[in-house]
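Peer 1: Can you keep this structure in mind? I'll have questions shortly.
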Amino acid sequence: MDVLEDQIERVLISHEEIQEKVRELGERITADYSGRDLLLVGVLKGAFVLMADLSRHIRLPMEFDFMAVSSYGAATKTSGVVRILKDLDHEIADRDVLLVEDIVDSGLTLNYLLKNLRTRRPSSLEVCALMHKVEAQQVPLAIKYTGFEIPSVFVVGYGLDYAERFRNLPYVGTLRPEVYGGLPPG
Ligand code: IMP
Ligand code: MG
Numbered sequence: 000m001d002v003l004e005d006q007i008e009r010v011l012i013s014h015e016e017i018q019e020k021v022r023e024l025g026e027r028i029t030a031d032y033s034g035r036d037l038l039l040v041g042v043l044k045g046a047f048v049l050m051a052d053l054s055r056h057i058r059l060p061m062e063f064d065f066m067a068v069s070s071y072g073a074a075t076k077t078s079g080v081v082r083i084l085k086d087l088d089h090e091i092a093d094r095d096v097l098l099v100e101d102i103v104d105s106g107l108t109l110n111y112l113l114k115n116l117r118t119r120r121p122s123s124l125e126v127c128a129l130m131h132k133v134e135a136q137q138v139p140l141a142i143k144y145t146g147f148e149i150p151s152v153f154v155v156g157y158g159l160d161y162a163e164r165f166r167n168l169p170y171v172g173t174l175r176p177e178v179y180g181g182l183p184p185g
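This is how it looks when you write it as structure tokens:
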């Protein structure tokens with residue numbers, strides 16, 4: 000299975016659906032943050048694709064920063080213990096921070112990140128996530144901007160990986176069981 004597409008079982012969210020939704024989110028964010036001091040914080044690596052598309056639908060002056068955290072290993076469940084691999088380059092005190100995430104699964108990663116960022120006293124802190132596995136969520140979280148609510152299935156594409164691959168798929172889909180040897184990750 001050398002061809003990337005051959006490893007996909009089915010498309011869950013098409014490229015067109017994603018683009019439409021991202022545009023809509025960008026318009027909402029533009030309206031909500033008008034006249035404010037917006038700092039977009041991307042959670043690496045998964046959020047880099049959304050960050051690039053979303054930011055180009057936000058018609059406001061703004062800045063970017065990134066954090067890298069590890070929650071998942073190659074193919075295991077999240078532990079709730081989050082390690083910061085790369086911290087922000089800049090301070091966020093008195094800034095309007097919008098955290099951009101690829102997906103909220105158990106919510107443990109996001110919960111940790113929000114707690115951590117709150118201690119730095121931003122003037123506001125909100126979340127934009129492309130996908131939300133509502134049934135899988137283990138901690139209560141307020142996510143202001145959600146793209147899609149999806150069932151608890153393991154998905155790849157549009158930034159999301161399985162063993163660091165598939166991030167470059169322009170859509171979101173599930174993998175054929177052969178790819179991960181029968182047992183779905185997550
Ligand atoms: P949580 O802490 O369980 O919410 O997991 C969050 C992180 O796990 C996300 O930022 C993703 O990197 C990863 N993750 C969760 N679900 C999936 C999935 O379906 N496919 C790929 N990565 C996922
Ligand atoms: Mg991952």
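Residue 0 is where the sequence shown starts when you use numbering that gives the first Met the number 0, and the numbers rise one by one after that.
Think of the CB as a built atom: it goes at the ideal place given N, C-alpha and C, for glycine as much as any other residue.
Do L140 and L113 have their beta-carbon atoms positioned less than 9 angstroms apart in this structure?
Peer 2: As a position in the sequence shown, residue 113 is number 114, starting the count at 1. As a position in the sequence shown, residue 140 is number 141, starting the count at 1. Against a cut-off of 9 angstroms, the Cβ pair of L140 and L113 comes out as a contact.
Peer 1: If distances are taken between C-alpha atoms only, which option among Q6, F153, Y170 comes closest to L182?
Peer 2: Your numbering for residue 182 matches position 183 in the sequence shown. Ranking the options by Cα distance to L182, first place goes to F153.
Peer 1: Any heavy atom of the ligand IMP within a distance shorter than 8 angstroms of the CB on V99?
Peer 2: Taking the first residue of the sequence shown as 1, we reach residue 99 at position 100. Every heavy atom of the ligand IMP is 8 angstroms or more from the Cβ of V99, so no.
Peer 1: Rounded to a whole number of angstroms, what is the C-alpha to C-alpha distance between V178 and R164?
Peer 2: Along the sequence shown, read from residue 1 onward, the residue named residue 178 stands at position 179. Along the sequence shown, read from residue 1 onward, the residue named residue 164 stands at position 165. C-alpha separation (whole angstroms): 11 angstroms.
Peer 1: Taking the continuous beta strand (DSSP E) assigned at G85, which residues delimit it?
Peer 2: Within the sequence shown, the letter at position 86 stands for residue 85. This sequence places Lys at residue 85; Gly is not what is there. That run of the beta strand (DSSP E) goes 82 to 85.
Peer 1: Under 7 angstroms Cβ to Cβ from L59, same chain only, skipping five residues before and after it: list those, please.
Peer 2: If you number the sequence shown from 1, residue 59 lands on position 60. Excluding residues within five positions, the ones whose Cβ falls inside 7 angstroms are T29, Y32, S33, L37.
Peer 1: Are the Cβ atoms of G158 and G25 separated by less than 9 angstroms?
Peer 2: Counting from one through the sequence shown, the residue named residue 158 turns up at place 159. Counting from one through the sequence shown, the residue named residue 25 turns up at place 26. Not closer than 9 angstroms, so no.
Peer 1: May I ask which residues mark the beginning and end of the beta strand (DSSP E) holding T145?
Peer 2: Looking up residue 145 in the sequence shown gives position 146. Run containing T145: 144 to 148, per the beta strand (DSSP E) assignment.
Peer 1: For E8 and G172, what's the separation of their Cα atoms in angstroms?
Peer 2: The residue given as residue 8 occupies position 9 in the sequence shown. The residue given as residue 172 occupies position 173 in the sequence shown. Distance between the alpha carbons of E8 and G172 is about 7 angstroms.
Peer 1: Would you kindly work out how many angstroms separate the C-alpha atoms of S188 and Y111, rounded to a whole number?
Peer 2: The first residue shown for the chain is 0 and the last is 185, placing residue 188 beyond what the model contains.
Peer 1: Beta-carbon within less than 7 angstroms of I142's beta-carbon, same chain only, minus the 5 sequence neighbours each way: which residues are those?
Peer 2: Counted from its first residue, the sequence shown places residue 142 at position 143. Within the same chain, I142 has close Cβ partners V103, V126, A128, H131.
Peer 1: Does E100 come out as helix, strand or coil in the three-state DSSP assignment?
Peer 2: In the sequence shown, the residue the question calls residue 100 occupies position 101. Strand.
Peer 1: Starting from F65 and walking both ways along the beta strand (DSSP E), at which residues does that stretch end?
Peer 2: Mapped onto the sequence shown, residue 65 falls at position 66. 62 to 69 is the span of the beta strand (DSSP E), which, as asked, contains F65.
Peer 1: Since Y161 sits in a beta bridge, which residues does DSSP pair it with?
Peer 2: Locating residue 161 in the sequence shown gives position 162, where the first residue counts as 1. According to DSSP, which records beta bridges pairwise, Y161 is partnered with R164.
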